[in-house]
Structure formats: C-alpha cells, structure tokens
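For the sequence shown, our numbering gives the first residue as 3, with consecutive numbering after it.
The C-beta atom is built at its ideal place from N, Cα and C for all residues, glycine as well.
Here the structure comes first, spelled out in structure tokens, and everything after it is commentary.
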Amino acid sequence: MKTSLVATVLNEEKNIVALLSSILHQSRKPDEVIIVDGGSKDKTVSIIKEWISKIKSEKSRKRFSLLIKKGNRSIARNEGIKRARGDIILLSDAGCFLDRNWTKNIIKPFSNPKVDVVAGYYKGLARNIFEKCLIPYVLVMPDRINPNNFLPSSRSMAFRKLIWKKVGGFPKDYSSNEDYVFAKKLKKINARIYFKRNAIVFWLPRRNIFQAFVMFFRFALGDAQAGILRPKVLILLARYIFGAWILIYSLYFSLYFMLQLIFYILLVYILWSIWKNYKYVKDKAALIYLPLIQFTADIAIIFGTILGFFKSVWDIQDKR
3 MKTSLVATVL NEEKNIVALL SSILHQSRKP DEVIIVDGGS KDKTVSIIKE WISKIKSEKS
63 RKRFSLLIKK GNRSIARNEG IKRARGDIIL LSDAGCFLDR NWTKNIIKPF SNPKVDVVAG
123 YYKGLARNIF EKCLIPYVLV MPDRINPNNF LPSSRSMAFR KLIWKKVGGF PKDYSSNEDY
183 VFAKKLKKIN ARIYFKRNAI VFWLPRRNIF QAFVMFFRFA LGDAQAGILR PKVLILLARY
243 IFGAWILIYS LYFSLYFMLQ LIFYILLVYI LWSIWKNYKY VKDKAALIYL PLIQFTADIA
303 IIFGTILGFF KSVWDIQDKR
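Structure, rendered in structure tokens:
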C-alpha cells in the first residue's frame, strides 16, 4: 500500500522544522509528503523550501513537496489529500512532531482490509509548568483513554482515501474543530476506526493563558456552529446558569446565608479543579495554574458556544 502524509501549516516559522525533521527521520518513511501552507505571512514557506533543498538524499528530497492553498485547515487539507497519490492518507499538523515509529505503527492496522481509519495517540510536550497544567485540559490523558470511543484527531490520524471521499472530505465551513466534525461523520457512516496507542505524535501546548483562551474559544465556537453540543459543555452551561440564578436571587432578596453557600461551592469547585488534574503535574505552582486554566476554559467555552450558536442561526437565515 502506498502512503501519503499530508500536513497543514500556517505561520509556523518557529515550529515547522521540528515537524519536517521528525518526518524525515521516520523508521518507515511515507512514500510521499505533502506540506500544505494555508497562506503564511511569516517565513514559514521560505523555511520549508530551504529545508527541503538541503536534504542530502535525492530520494528523500523527492518525497517532499510544498503546496500553497489559501484558506482554512479543511480547505488546505482537502487539497493536499486530493493531490495525494497514496491510497492510505496520513495526517499531522504543524505545532506537532512525530515519534520515530509513528508511520510504521499507524499504518500497521491497515493490514486488516476491514479497517477504514486509524486513530493515533498524542502526548503533550510541556516546556514549563503552565504548559504541563494545560495539557490535561486539552488532551486525553493515558488513564482516561477508552479505545472503543477514542475519536481520531488530525494531529495523529490515518485513513483510506476512499473513506475520505465517501464522507465528502473535511468540512470546509469549519476551521477550529474540523477534525472532530470529520470524525463524527465517520461514526455516522459506521466507518471502522481502530485506536493505535503507540502511534504517537508530540503536541506543543499554547504558551500562555491568552493563547489558551483563544484555543478553547475557537473549539467551542466551531462545535456550536456545527450544531455539536458535547455533554460536558451542556453540564458546564447548566452549572453557570444555575450559579448565576442563585447569585441574583440571593442579592435581590438579601439572602446572605446563600451568598456564603455560593462562596463554599466556589471553593469546592476550585479544589475539584486541582484534585482532578494535580496527579499529572505534581508541582506546587499547579495550585494556582489549574484553577486559573479551569475558569479560563469555562469562560472561553461559554462565550464561544453562545457566539457559535448565534452565528449558526444567522448562517441558516442567510441561506434562506
């Protein structure tokens, strides 16, 4: 079987070499590598071109090609897949780099002709304590994996090109959660998804709380626009609506004992945010960072969901 690795990039001048080098040094190299730039404004494109030109082996150099396709990740990724010659498509993105045996491991399940999609795993690579605290809020931690319902992510995914055609490719209307929407479409047609734990991609977390807020906001916005409301988001919205109602009711009727109750509930919520993820960090600084990230994610998800809902309504009205 012939394999084509497609990776999308946009303004990744600081991280792109890590991805390219990890692809070049795979123990089992993809038959071709298509890097699709979505219209970078920095030096990403020139860095890629220079890096490819410096590959010593002509055979390895010819594996790599650079494609410019302005648009969101879905548009860029679909274009790369459309041009790919392989019958097995491998996916990853800039901001990640691959374990040396990633290609070998992620294609192994396709020896079974019944497998349509392989969901690889991904690990966060923290450079400081903040990023270490952020990882459990973004990635599925090893002890929380359920192989039976683990959905593939574009960070670490492979599929037969035929199944990509069958679901109509990645949804071009979404740019923040397009792989989740794509995975839901795969589940809808009962595509056979195999989880491969040792097909590992390393992910570089956002560097600060502001970048984290934007990430959570965009995920929630995309989900709401796609009409996807995850159970955790519904619980989160209910939690804050109920809390706001109690607060307003208590202030209006001067029920100070209820204000004290709200304070204790808030304290328990803070302690819960530490308890659930401290085992992944084990650092005193996490006592501050974990609650901070929890509230940042909550606020970003609430506003992203609300805005995404209204945008979806506006889009429906515009189409009429």
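| Item | Value |
| --- | --- |
| Answer yes or no: do Asp33 and Gly88 have a C-beta to C-beta separation smaller than 8 Å? | yes |
| Is it a yes or a no for the region 221-241 touching the region 291-303, going by three-plus beta-carbon pairs under 8 Å? | yes |
| What's the C-alpha gap between Ile272 and Pro293? | 6 Å |
| Below 8 Å between beta carbons: does that hold for Ala185 and Pro154? | yes |
| Checking 8 Å against the spacing of the C-beta atoms, do Arg157 and Ser76 come in under that value? | no |
| What are the complete alpha helix (DSSP H) segments, minimum 4 residues, inside the region 49-120? | 60-65, 75-85, 104-109 |
| Which residue's Cα is closest to the Cα of Pro207: Ile25, Ser55, Tyr280, Gly97? | Gly97 |
| Return no unless some Cβ of chain D is closer than 8 Å to the Cβ of Asp181. | The chain inventory of the structure shown lacks chain D, comprising one protein chain alone. |
| Tell me which residue opens and which closes the alpha helix (DSSP H) that Val235 is part of. | 233-254 |
| Measuring CB atoms only, is the region 133-147 touching the region 279-287, in the sense that at least three cross pairs come out at less than 8 Å? | yes |
| Does the region 62-73 come close enough to the region 106-121 that 3 or more CB-CB pairs lie under 8 Å? | no |
| Go ahead and pull the three-state DSSP assignment for Met260. | helix |
| Can you tell me whether Leu356 is buried or exposed? The criterion is at least 16 other CB atoms within 10 Å of its CB, across all chains shown. | With the chain covering only 3 through 322, there is no way to say anything about residue 356. |
| For Ala228, does the three-state DSSP call read helix, strand or coil? | coil |
| From the DSSP output, which residues share a beta bridge with Lys125? | Phe204 |
| Report all residues from its chain with a CB closer than 7 Å to the CB of Asn151; omit the five preceding and five following residues, and keep chain order. | none |
| At which residues does the beta strand (DSSP E) containing Glu34 begin and terminate? | 34-39 |
| In the DSSP assignment, find the unbroken beta strand (DSSP E) run with Phe161 in it and report its ends. | 159-162 |
| Hey, Lys198 and Ile90: beta-carbon distance below 8 Å or not? | no |
| Per DSSP, what are the beta-bridge partners of Val8 in this structure? | Ile36, Leu93 |
| Check the DSSP bridge columns for Phe197 and list the partner residues they point to. | Ala121 |
| Given this structure, state the Cα-to-Cα distance separating Leu22 from Leu69, to the nearest angstrom. | 14 Å |
| From what residue to what residue does the alpha helix (DSSP H) around Pro144 run? | Unbroken run through Pro144: none, as it is neither H nor E. |
| In three-state DSSP terms, what is Ser155? | strand |
| In whole angstroms, what separates the C-alpha of Leu269 from that of Leu257? | 19 Å |
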